[in-house]
Amino acid sequence: MRIFSGIQPTGNIHIGNYSGAIKQWIDLQDKNECLFCVVDLHAITTPYDPETFQKMCMEKAIVYLAAGIDPEKAIIFLQSSVKEHSELCWLLNTVTPLGELYRMTQYKEKSQKHKENAGILNYPVLMAADILLYDTEVVPVGEDQKQHVELAKDIARRFNSYFGETFTVPKVQILKTGARVMSLSDPTKKMSKSDDEDSYISLFDSPEKIRKKISRAVTDTGKEIKYDKKNKPGISNLLSIYSIFSEKKIEEIEKEMKDKSYKDLKDDLASLLTEKLEPFRRKKEELSKREIYVQEILKKGAERARVMAEEKMEEVRKKVGLQNN
Ligand code: AQP
2 MRIFSGIQPT GNIHIGNYSG AIKQWIDLQD KNECLFCVVD LHAITTPYDP ETFQKMCMEK
62 AIVYLAAGID PEKAIIFLQS SVKEHSELCW LLNTVTPLGE LYRMTQYKEK SQKHKENAGI
122 LNYPVLMAAD ILLYDTEVVP VGEDQKQHVE LAKDIARRFN SYFGETFTVP KVQILKTGAR
182 VMSLSDPTKK MSKSDDEDSY ISLFDSPEKI RKKISRAVTD TGKEIKYDKK NKPGISNLLS
242 IYSIFSEKKI EEIEKEMKDK SYKDLKDDLA SLLTEKLEPF RRKKEELSKR EIYVQEILKK
302 GAERARVMAE EKMEEVRKKV GLQNN
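The opening residue of the sequence shown carries number 2 in this note's numbering; numbering runs sequentially from there.
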């Protein structure tokens, strides 16, 4: 199967990005044709620093590698190095009703949080272009991106009906566990890298930071360690994170924690995360010293993606009556 997914280069990759997206990518890369992209064009829709932006993009490529994406198996590249993403986005804009963009949850949230711009509104059209450009069959993402992939499917269907069969209609793939990790400071909101640092655990946090952040995580009234999202959102989130990283069922963890306190749960979780995230931190440190190697991976990845994208765009231009030169 052809797989496409991406992460924005701004902010620190957190355990939510890992469990919602990257963990799936690692499982998929062995048996599928995978394209994993650092979506830099998406990231510039919200405030960022142009001076450090290239460094951030490079860092995210390192994160992919450190987390276990194998460049021999998957294509890793920067979105902006394949110009066809932007070109296709423009064409898809012409078949996307504005009303559908205004109802996107992420648009509503981001346009409240930041100064509104057309890029925030058109974010999902660019995402549709990323996906459709490669005739992607499966898009592995976290729960929050489901709505955007559904829109990409609608855009593909609409385009196909106007101009004739052109795009593969993709499927979204969301894991049952870890698709929506919640914020440590407000467990009713999803963990997000653009929020306060205490609200998320980065994949590369030091053991001290992990312990500090987990010890400060918001919990609930009562004493019982029980998964109950409605009445115990804080404890439920900690149990979910525990389950993701221990690969144990929540019921099993509840049993183990039966006579323990919230503090015991936090201590155990901090130790578990420290142990599981340690290899990522070590690999990242190692790769940070090999910048040329990482640049070469991105260059090769872009070359491979470009061949696929150019071929598809030729077909698309022909379909919409534009010139191919
Ligand atoms: N809390 C989460 N739980 C599970 N999956 C998540 N993802 C994001 N947050 C969670 C998944 O991570 C992938 C990459 O996300 P992104 O960087 O493209 O943007 P995002 O979804 O907007 O992620 P953030 O962390 O909230 O970033 P900011 O704060 O920059 O907007 C996606 O597959 C997403 O589902």
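C-beta atoms are modelled at their ideal positions from N, C-alpha and C, and glycine is treated no differently. The structure presented is a predicted model; accordingly, all values stated were derived computationally and were not measured.
Same chain, Cβ closer than 7 Å to residue i, neighbours up to 5 away in sequence not counted
i: Gln25; result: Pro141, Gln174, Leu176
i: Glu88; result: Met314
i: Phe246; result: Leu273, Leu274, Lys277
i: Asp199; result: Leu185, Ser186, Lys214, Arg217
i: Phe78; result: Cys38, Leu299, Gly302, Ala303, Ala306
Any non-hydrogen atom of ligand 1 closer than 6 Å to residue i Cβ
i: Asn118; result: no
i: Ala218; result: no
i: Asp145; result: yes
i: Asn238; result: no
i: Lys154; result: no
i: Lys61; result: no
i: Lys142; result: It should be pointed out that residue 142 corresponds to Val in this sequence rather than to Lys. At least one heavy atom of ligand 1 is nearer than 6 Å to the Cβ of Val142, so yes.
i: Gly21; result: yes
i: Gly12; result: yes
i: Gln174; result: no
i: Ser200; result: no
i: Asn123; result: no
i: Gly17; result: yes
i: Ser81; result: no
i: Ser112; result: no
i: Val64; result: no
i: Lys109; result: no
i: Met57; result: no
i: Lys231; result: no
i: Ile242; result: no
i: Gln296; result: no
i: Ile45; result: no
i: Val139; result: no
Neighbourhood of residue i by C-beta, 8 Å cutoff - its chain only, sequence neighbours within 5 removed
i: Ile121; result: Thr46, Thr47, Tyr108, Lys111, Ser112, His115
i: Thr366; result: One cannot answer for residue 366 here, as it falls past the ends of the chain, which runs 2 to 326.
i: Leu239; result: Ile215, Ala218, Thr220, Leu266, Lys267, Leu270
i: Leu288; result: Ile63, Leu66, Ala67, Tyr294, Val295
i: Thr178; result: Ser20, Ser241, Ser244, Ile245
i: Gly165; result: Lys320
Buried versus exposed call for residue i [16 or more other C-beta atoms within 10 Å across all chains shown]
i: Asp71; result: exposed
i: Gly100; result: exposed
i: Gln55; result: exposed
i: Met2; result: exposed
i: Val321; result: exposed
i: Val317; result: buried
i: Val347; result: As displayed, the chain neither begins before 2 nor continues past 326, which places residue 347 out of reach and without an answer.
i: Gln296; result: exposed
i: Ile293; result: exposed
i: Asp197; result: exposed
i: Glu60; result: buried
i: Val324; result: Before going further, note that residue 324 is Gln rather than Val in the sequence given. Exposed, by the Cβ-count rule.
i: Tyr243; result: buried
i: Lys154; result: buried
i: Glu85; result: buried
i: Asp50; result: exposed
i: Pro10; result: buried
i: Ser262; result: exposed
i: Lys250; result: exposed
Same chain only: Cβ atoms within 6 Å of residue i, ignoring 5 sequence neighbours per side
i: Ala75; result: Gln30, Cys35, Phe37
i: Lys224; result: none
i: Gly17; result: Val182, Met192
i: Ser195; result: Gly12
i: Val126; result: Cys90, Leu93, Asn94, Thr97
Chain C contact for residue i (CB, 7 Å cutoff)
i: Ala271; result: In the structure shown, chain C cannot be found, because there is only a single protein chain.
- beta strand (DSSP E) runs contained entirely in the stretch 157-221, provided each spans 3 or more residues: 172-174
- Item | Minimum length 4: unbroken alpha helix (DSSP H) runs contained in the stretch 221-279 | 234-247, 251-257
- Task: Would you mind listing the alpha helix (DSSP H) stretches within the stretch 19-53 that are 4+ residues and don't spill past its ends, in chain order?
- Result: 24-29, 41-44
- Query: Which runs of the alpha helix (DSSP H) fall wholly inside the stretch 46-123 and span at least 4 residues, in chain order?
  - Reply: 51-68, 85-94, 99-103, 106-114
- Every unbroken beta strand (DSSP E) inside the stretch 131-158 [3 residues or more]: 139-141
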